[in-house]
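**Student:** Let me give you the structure first, and then I'll get to my questions.
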Ligand SMILES: Cc1cc2nc3c(=O)[nH]c(=O)nc-3n(C[C@H](O)[C@H](O)[C@H](O)COP(=O)(O)OP(=O)(O)OC[C@H]3O[C@@H](n4cnc5c(N)ncnc54)[C@H](O)[C@@H]3O)c2cc1C
Ligand code: SF4
Ligand code: SF4
Ligand code: FES
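Chains as they are written, first to last, in the working numbering: chain A, 197 to 562; chain B, 108 to 224; chain C, 3 to 172.
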């Protein structure tokens with residue numbers, strides 16, 4: 197049954213891709229893991245806070261420590277990890293076109309393809325948004341937690357979702373002062389326990405508020421914010437000037453779907469999970485049966501869900517390639533689905549759960 | 108406001124990450140002036156640590172620095188060893204590297220490249 | 003269930019919101035050795051408080067988005083759950099005569115030292131009064147979340163939650 201030695205190729209070595217590759221390799225399937233970066237881990241190494249979830253989800257462990265564990269496991273298993281390797285194309289017959297070190301290009305025939313390319317942060321334009329000092333929250337997070345340099349001392353955070361609130365907290369841990377977190381919607385987006393720890397450090401939260409402009413000559417010197425009405429129009433007379441040198445944008449993520457488009461996966465629009473994304477079934481298979489999509493590319497959620505989705509795809513691909521028996525695949529898949537389900541409960545999870553259910557329904561209609 | 112002197116510094120101590128591990132120091136040249144960098148870090152990090160705010164100017168003269176920090180937006184491009192348009196957020200520092208602000212898309216500095224080779 | 007208006011607009015829960023889900027301890031409960039206070043009023047997928055407690059005094063159960071429930075008859079106020087909570091939502095409060103103490107998680111540098119005078123803050127980050135650091139511990143198992151105890155005047159016990167960050171060079 198085993199298919200002619202063609203490896204499963206996993207693109208993206210974030211939490212989703214790493215877990216997929218680990219499951220494949222554990223089952224004995226040949227697997228190649230590619231990532232454009234010099235270091236694997238995706239977003240995990242920026243995340244220095246303790247994770248939620250339960251023990252099976254590695255709750256209470258800090259993101260970068262989970263990253264280290266996954267790396268150690270992939271090393272121990274001897275997974276063929278190709279770093280500084282960008283996948284630039286997918287041709288029919290699952291030919292993966294890779295460029296190593298921005299110079300050497302080659303193709304590789306894949307038995308199965310698992311796309312774990314993550315998501316890209318959204319930008320927000322307003323007068324002054326190109327000034328030095330305006331950056332995405334992820335950029336600031338990379339600077340402080342990976343490179344250990346502080347890009348500014350007084351920060352305005354735009355966006356109150358978990359990314360904005362967590363990065364605001366981490367900027368304070370790095371020694372900065374956060375002037376405020378603003379949110380366009382009337383209610384804050386992030387988990388209450390996260391907002392509470394930022395609030396008690398003296399950071400003001402302003403809902404129904406937007407940024408009008410950034411001012412400064414060679415860099416941000418001031419930010420002007422204002423209240424907005426139900427139609428998101430600024431209310432005159434509510435302007436407030438904040439004395440900041442850095443403005444961080446945490447205004448959502450969009451799945452990085454380019455490769456899935458090239459692979460011919462059918463795309464659907466799910467606004468709650470970031471916009472356009474490849475449709476998939478409950479084994480994370482896209483409309484192209486040989487192509488799986490896992491993690492943020494299949495709908496932006498969290499590192500913990502990304503890992504479980506990666507495992508689902510890894511298990512199914514290993515089985516489809518003939519490296520896992522029916523029973524093992526079924527049992528392990530069910531366990532993994534239960535863990536995923538547990539993460540998609542509650543007020544926050546339910547919205548995502550409903551969206552994910554819609555994706556599965558759309559896939560069945562196809 | 109002085110474009111060279113601005114907020115920005117190394118995070119030597121951290122409650123979660125611990126003390127900054129000792130790393131080999133290198134010297135790079137920003138606009139001709141020597142500047143300390145740490146082995147393995149991207150050019151962007153060395154410049155931020157040194158308090159450099161402006162990485163380049165657009166054709167119309169408006170200043171730019173990094174935006175995404177992961178190689179996607181190209182806001183952070185500079186002329187590195189004579190080659191313009193290098194993304195400084197994903198390019199590691201090297202001993203003696205020369206980093207210059209570029210205006211617009213910049214110019215290829217063939218001489219600088221030859222010197223380096 | 004309330005819609006947690008304060009939490010979702012100011013960032014911090016109000017006393018009413020805590021009371022509504024049974025998470026506001028009374029001063030009687032804080033008498034003597036003190037009592038555990040959890041401020042986790044939103045359904046999030048999380049249960050390390052439950053799994054970290056050697057006495058089985060905290061129950062989240064299934065689904066793991068249930069709010070944590072404390073059994074005060076089992077809780078020995080050992081404080082092990084404080085650094086285990088990724089939401090930094092757990093404290094221990096006690097009162098004796100006209101003084102009060104709060105034991106809380108802390109992840110900022112510089113750490114205060116025992117005996118230091120600090121500023122106590124409320125949930126909105128407003129400075130309330132002076133406090134004195136009684137102890138600070140950060141063993142390996144805390145995984146970098148220090149646990150600090152501060153003492154301050156009793157009348158602030160319901161509002162005090164933490165201390166102000168210090169030496170921010172801005
Ligand atoms: C700034 C930011 C902060 C976040 N903070 C949190 C948080 O605190 N907690 C949380 O739970 N979640 C957080 N998230 C959500 C995050 O998306 C998930 O945690 C998780 O990282 C998603 O995993 P992933 O494997 O799908 O993607 P990623 O971790 O993004 O990994 C994708 C990898 O694929 C690589 N890649 C993409 N395209 C190619 C290509 N063509 N060729 C080669 N390699 C490629 C990328 O470079 C990257 O390394 C954050 C996300 C961002 C962007
Ligand atoms: S203080 Fe100790 S006994 Fe009480 S709930 Fe926490 S871990 Fe359990
Ligand atoms: S560990 Fe903390 S955040 Fe998680 S459920 Fe328990 S109290 Fe809430
Ligand atoms: S900062 Fe975006 S590419 Fe360098």
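Glycine included, C-beta positions come from ideal geometry on N, C-alpha and C.
So residue 155/B contacts chain C; which residues on that side make the cut at Cβ distance below 8 Å?
**Tutor:** Start at 1 with the first residue of the second chain, and residue 155/B comes out as number 48. Chain C residues near residue 155/B: none, gap ~17 Å exceeds 8 Å.
**Student:** What separation, rounded to the nearest whole angstrom, lies between the Cα atoms of residue 85/C and residue 105/C?
**Tutor:** Within the third chain, the letter at position 83 stands for residue 85/C. Within the third chain, the letter at position 103 stands for residue 105/C. Distance between the alpha carbons of residue 85/C and residue 105/C: 11 Å.
**Student:** Any idea if residue 368/A is buried or exposed, counting beta-carbon neighbours within 10 angstroms, 16 or more meaning buried?
**Tutor:** Locating residue 368/A in the first chain gives position 172, where the first residue counts as 1. Counting Cβ neighbours within 10 Å, residue 368/A comes out buried, since at least 16 surround it.
**Student:** Under 8 Å, CB to CB, which of the residues in the region 41-60 of chain C have a partner in chain A?
**Tutor:** Cβ contacts with chain A: 41, 42, 43, 44, 45, 46, 47, 48, 49, 50, 53, 54.
**Student:** Give the DSSP-derived three-state secondary structure of residue 266/A in the structure shown.
**Tutor:** Here residue 266/A refers to the residue found at position 70 of the first chain. Residue state, collapsed to three classes: helix.
**Student:** Quick one: grab the DSSP three-state call for residue 549/A.
**Tutor:** Numbered from 1 along the first chain, position 353 holds the residue referred to as residue 549/A. Note: residue 549/A maps to helix in three-state DSSP.
**Student:** Which of the three DSSP states, helix, strand or coil, is assigned to residue 520/A?
**Tutor:** Along the first chain, one-based indexing puts residue 520/A at 324. It is coil, neither helix nor strand.
**Student:** For residue 537/A, which of helix, strand or coil comes out of DSSP?
**Tutor:** Residue mapping note: residue 537/A aligns to position 341 of the first chain, counting from 1. In the structure shown, residue 537/A sits in a helix (DSSP, three-state: H, G or I).
**Student:** Which residues in chain A sit within 7 Å of residue 12/C, going by Cβ to Cβ distance?
**Tutor:** Indexing the third chain from 1 puts residue 12/C at position 10. The answer, in chain order, is 395, 401.
**Student:** For chain A, check one thing: does any of its Cβ atoms lie closer than 8 Å to the Cβ of residue 109/C?
**Tutor:** As a position in the third chain, residue 109/C is number 107, starting the count at 1. Yes - at least one Cβ of chain A is within 8 Å of the one on residue 109/C.
**Student:** Report all residues from its chain with a CB closer than 7 Å to the CB of residue 486/A; omit the five preceding and five following residues, and keep chain order.
**Tutor:** On the first chain, position 290 is the one that residue 486/A refers to. For residue 486/A, where only same-chain residues beyond five positions count, the Cβ hits under 7 Å are 290, 308, 309.
**Student:** Residue 503/A and residue 211/A: beta carbons closer than 8 Å?
**Tutor:** As a working mapping, residue 503/A is identified with position 307 in the first chain. As a working mapping, residue 211/A is identified with position 15 in the first chain. Yes, the Cβ-Cβ distance between residue 503/A and residue 211/A is below 8 Å.
**Student:** Let me know if residue 519/A comes out buried or exposed under the rule of 16 or more other beta-carbons within 10 Å of its beta-carbon.
**Tutor:** On the first chain, residue 519/A is found 323 positions in, with the first residue counted as 1. Answer is buried; the Cβ neighbour count reaches 16.
**Student:** Near ligand 4, which residues have their beta-carbon less than 6 Å from any of its heavy atoms, given in chain order?
**Tutor:** The set, ordered by position in the chain, is 173/B, 174/B, 175/B, 176/B, 178/B, 179/B, 180/B, 181/B, 182/B, 183/B, 194/B, 196/B.
**Student:** Output needed for residue 397/A: all residues of its chain with C-beta closer than 7 Å, excluding positions within five of it in sequence on either side, in chain order.
**Tutor:** Residue mapping note: residue 397/A aligns to position 201 of the first chain, counting from 1. Hits under 7 Å: 368.
**Student:** Alpha carbon to alpha carbon, how far is residue 146/C from residue 258/A?
**Tutor:** Counted from its first residue, the third chain places residue 146/C at position 144. Counted from its first residue, the first chain places residue 258/A at position 62. Rounded to whole angstroms, residue 146/C to residue 258/A spans 10 Å at the Cα level.
**Student:** Quick one: is residue 209/B buried, meaning 16 or more other Cβ sit within 10 Å of its Cβ, or exposed?
**Tutor:** The residue you call residue 209/B lines up with position 102 of the second chain. It is buried - the Cβ of residue 209/B has at least 16 other Cβ atoms within 10 Å.
**Student:** Let me check you understand the geometry: is the CB of residue 81/C closer than 7 Å to at least one non-hydrogen atom of ligand 5?
**Tutor:** No copy of ligand 5 appears in this structure; the ligands present are ligand 1, ligand 2, ligand 3 and ligand 4.
**Student:** Are the beta-carbon atoms of residue 469/A and residue 440/A separated by less than 8 Å?
**Tutor:** Locating residue 469/A in the first chain gives position 273, where the first residue counts as 1. Locating residue 440/A in the first chain gives position 244, where the first residue counts as 1. Not closer than 8 Å, so no.
**Student:** Check the Cβ of residue 167/C against every Cβ in chain A and list those closer than 9 Å, keeping chain order.
**Tutor:** What you label residue 167/C is simply residue 165 of the third chain in a count that begins at 1. Result: 368, 373, 397, 398.
**Student:** I need the DSSP call for residue 149/C, collapsed to helix, strand or coil.
**Tutor:** The residue you call residue 149/C lines up with position 147 of the third chain. The answer is strand: DSSP assigns residue 149/C an E or B state.
**Student:** How big is the Cα-Cα spacing for residue 184/B and residue 165/C?
**Tutor:** Along the second chain, read from residue 1 onward, the residue named residue 184/B stands at position 77. Along the third chain, read from residue 1 onward, the residue named residue 165/C stands at position 163. Their Cα atoms are separated by approximately 42 Å.
**Student:** With a 10 Å radius around its C-beta and 16 neighbouring C-beta atoms as the bar for buried, classify residue 302/A as buried or exposed.
**Tutor:** Residue numbering aside, residue 302/A sits at position 106 when the first chain is read from its first letter. Flag for residue 302/A reads exposed.
**Student:** In this structure, how does DSSP classify residue 164/B when only helix, strand and coil are distinguished?
**Tutor:** The sequence position of residue 164/B within the second chain is 57, counting from 1. Reduced to three states, the DSSP call for residue 164/B is strand.
**Student:** Could you compute how far the alpha carbon of residue 110/B sits from the alpha carbon of residue 225/A?
**Tutor:** Your numbering for residue 110/B matches position 3 in the second chain. Your numbering for residue 225/A matches position 29 in the first chain. At residue 110/B the pLDDT is 38, less than 50, meaning the model places this residue with poor confidence; the figure from the coordinates comes in the next sentence. When rounded, the distance between both Cα atoms is 54 Å.
**Student:** Does the beta-carbon of residue 89/C, which I'm using as the reference point, lie nearer than 7 Å to any heavy atom of ligand 3?
**Tutor:** In the third chain, the residue the question calls residue 89/C occupies position 87. Correct: residue 89/C has its Cβ closer than 7 Å to ligand 3.
**Student:** Name the DSSP beta bridge partners of residue 258/A, please?
**Tutor:** Within the first chain, residue 258/A is the residue found at index 62, counting from 1. Answer is 246/A, bridged to residue 258/A.
**Student:** Since residue 67/C and residue 251/A should fall inside the 8 Å C-beta cutoff, what is the C-beta to C-beta distance between them, to a whole number of angstroms?
**Tutor:** Within the third chain, residue 67/C is the residue found at index 65, counting from 1. Within the first chain, residue 251/A is the residue found at index 55, counting from 1. Contact doesn't hold; Cβ gap of about 16 Å is too wide.
**Student:** Compute the beta-carbon to beta-carbon distance between residue 262/A and residue 352/A, rounded to the nearest angstrom, for a pair I have assumed lies under 8 Å.
**Tutor:** In the first chain, residue 262/A corresponds to position 66, counting from 1. In the first chain, residue 352/A corresponds to position 156, counting from 1. Residue 262/A to residue 352/A, Cβ: 30 Å. No contact.
**Student:** Distance, Cα to Cα, residue 76/C vs residue 36/C?
**Tutor:** Locating residue 76/C in the third chain gives position 74, where the first residue counts as 1. Locating residue 36/C in the third chain gives position 34, where the first residue counts as 1. Cα-Cα distance, rounded: 13 Å.
**Student:** Shorter than 8 Å from the beta carbon of residue 544/A to some beta carbon of chain C?
**Tutor:** Within the first chain, numbered from 1, the residue matching residue 544/A stands at position 348. Yes, contact with chain C.
**Student:** Beta carbon of residue 570/A, beta carbon of residue 218/A: below 8 Å?
**Tutor:** Outside the shown range of chain A (197 to 562) lies residue 570/A, about which nothing can therefore be said.
**Student:** In chain A, what lies closer than 9 Å to residue 152/C by C-beta?
**Tutor:** Within the third chain, residue 152/C is the residue found at index 150, counting from 1. Within chain A, no residue comes near residue 152/C; the closest Cβ sits about 13 Å away, beyond 9 Å.
**Student:** Do residue 452/A and ligand 1 come close, with the Cβ less than 7 Å from some heavy atom?
**Tutor:** Translated into the one-based positions of the first chain, residue 452/A becomes position 256. True, at least one ligand heavy atom lies under 7 Å from that Cβ.
**Student:** So what's residue 440/A in DSSP terms, helix, strand or just coil?
**Tutor:** On the first chain, position 244 is the one that residue 440/A refers to. Looking at residue 440/A - three-state DSSP - the assignment turns out to be coil, as it is neither helix nor strand.
**Student:** Determine, using beta carbons only, whether residue 335/A comes closer than 8 Å to chain B.
**Tutor:** Position 139 of the first chain, counted from the first residue, corresponds to residue 335/A. Cβ-Cβ to chain B under 8 Å: yes for residue 335/A.
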